[in-house]
Structures are given as structure tokens and as C-alpha cells.
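Undergrad:
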Amino acid sequence: MITAHLPSGYILAHAPRPAAPLIFWACILGAVFPDIDLLFFYLVDDRAFHHHRYWVHAPGFWLMALAVITPLALRLPYPLKPAVFWFMGAWFMHLCLDSIVGSIMWLWPVSDQFFQFATVQPTHSHFVLSFMAHWSFALEIAIWLAAAIMYLKRRRA
Ligand SMILES: [Zn+2]
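All residue numbers for the sequence shown refer to the working numbering, where the first residue is 74 and numbers rise by one.
1) Within its chain, find whatever has a CB closer than 7 Å to the CB of Met-166; leave out the 5 residues flanking it on each side and keep chain order.
2) Between which residues of its own chain and Ile-142 is the CB-CB distance below 8 Å, once the five residues before and five after are set aside?
3) Does the Cβ-Cβ distance between Gln-194 and Ser-203 come in under 9 Å?
4) State the DSSP-derived secondary structure class of Ile-75, mapped to helix, strand or coil.
5) For the alpha helix (DSSP H) that contains Trp-164, what are its first and last residues?
6) Closer than 7 Å is what we want: which residues have a beta carbon that near any heavy atom of ligand 1? List them in chain order.
Encoded structure:
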């Protein structure tokens with residue numbers, strides 16, 4: 074998934090009730106958090122390997138982080154405690170959405186093999202154009218539309 078992580082976080086942010094501002098922002102930040110590895114991908118490692126090989130894109134690392142964070146987060150007061158878990162949920166949602174065509178190491182640390190639901194063939198001169206021509210981009214557009222409709226409904230209310 075290339076463009077729809079932010080609106081997916083916006084949609085998720087409307088699931089918790091009550092939706093405290095901190096929980097809302099935890100969903101938004103968690104939905105885009107794994108792509109922080111793009112900073113290392115471009116600025117440190119000079120695109121030496123697929124950015125989904127960084128730990129933040131590995132569900133196994135997410136699980137380890139959850140195991141470490143959970144006992145600490147359970148001691149936090151509202152709304153910090155649910156915000157931590159909504160952040161973790163949004164992070165996991167990012168990994169699931171990236172799995173559609175984005176290659177995720179679902180078996181890491183046992184295996185470095187990538188898994189994805191479908192493969193985008195290099196049909197165009199730039200990978201972004203190939204992604205835009207693939208059926209999966211319709212899902213990205215649907216997520217953007219759903220988020221836009223939710224936003225407009227909230228503004229009217
Ligand atoms: Zn990602």
C-alpha cells in the first residue's frame with residue numbers, strides 16, 4: 074500500500090468510543106509509523122534493500138514490541154493506556170495493508186521470506202505507475218473515499 078495508510082488510520086480512529094484526542098492521534102500515528110523506516114532507507118542505507126526488511130515492518134518484531142509494551146502500558150492511566158494499544162493496533166493494520174501487494178516478512182525471525190497477497194508486475198516505467206495500474210489501487214482509492222466521507226459527515230455534525 075502506497076497512499077492509504079493515513080486515511081486508514083483516520084477510519085480506525087473513529088472506532089474507539091469514547092474517542093479521546095490522544096487515542097485519535099495514536100491511531101493516526103500508528104497507521105503510518107512503520108514507514109518511518111523510509112528515513113533510514115533513503116538517508117542512511119541508500120536504498121540498499123527493500124524497506125520492508127526493517128524491523129518495524131516485521132510482524133514478529135511488532136509482537137515482541139507488544140510483549141514488552143503491554144505490561145508497562147497496563148499501568149498507565151486513561152487515555153494513555155488505550156492510546157498505546159490503539160497505536161499498536163494501527164501499526165498492525167499497516168502491516169496487514171502492506172501485505173496486500175507490499176511484501177511482508179510474516180515469518181520473521183524464523184524466515185526472511187516475503188509474503189504478499191498479490192504481486193504488482195513492473196508494467197510501467199516507474200513502480201508507482203505500476204501500482205496505480207494494478208487492481209489493488211482501487212482499494213487505496215476506496216479507503217481514501219471512505220475516510221473523506223467520514224470526515225465530511227463529521228464536519229456536518
Ligand atoms: Zn509500510
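Virtual Cβ for every residue (Gly too), placed ideally from N, Cα, C.
TA: Walking through what the data contain:
1) The beta carbon of Met-166 lies closer than 7 Å to those of Ser-81, Leu-85, Ala-104 in the same chain, with the five residues before and after it left out.
2) Once the five neighbours on either side are set aside, the close Cβ partners of Ile-142 are Val-157, Met-161.
3) Yes, these two residues count as a Cβ contact at 9 Å.
4) Judged by DSSP in its simplified three-state form, Ile-75 adopts coil rather than helix or strand.
5) Taken as a continuous stretch (DSSP letters only), the alpha helix (DSSP H) holding Trp-164 covers 153–171.
6) Around ligand 1, the residues whose beta-carbon falls short of 7 Å from at least one of its heavy atoms are Met-74, His-78, Pro-107, Asp-108, His-125, His-130, His-167, Asp-171, Gly-175, given in chain order.
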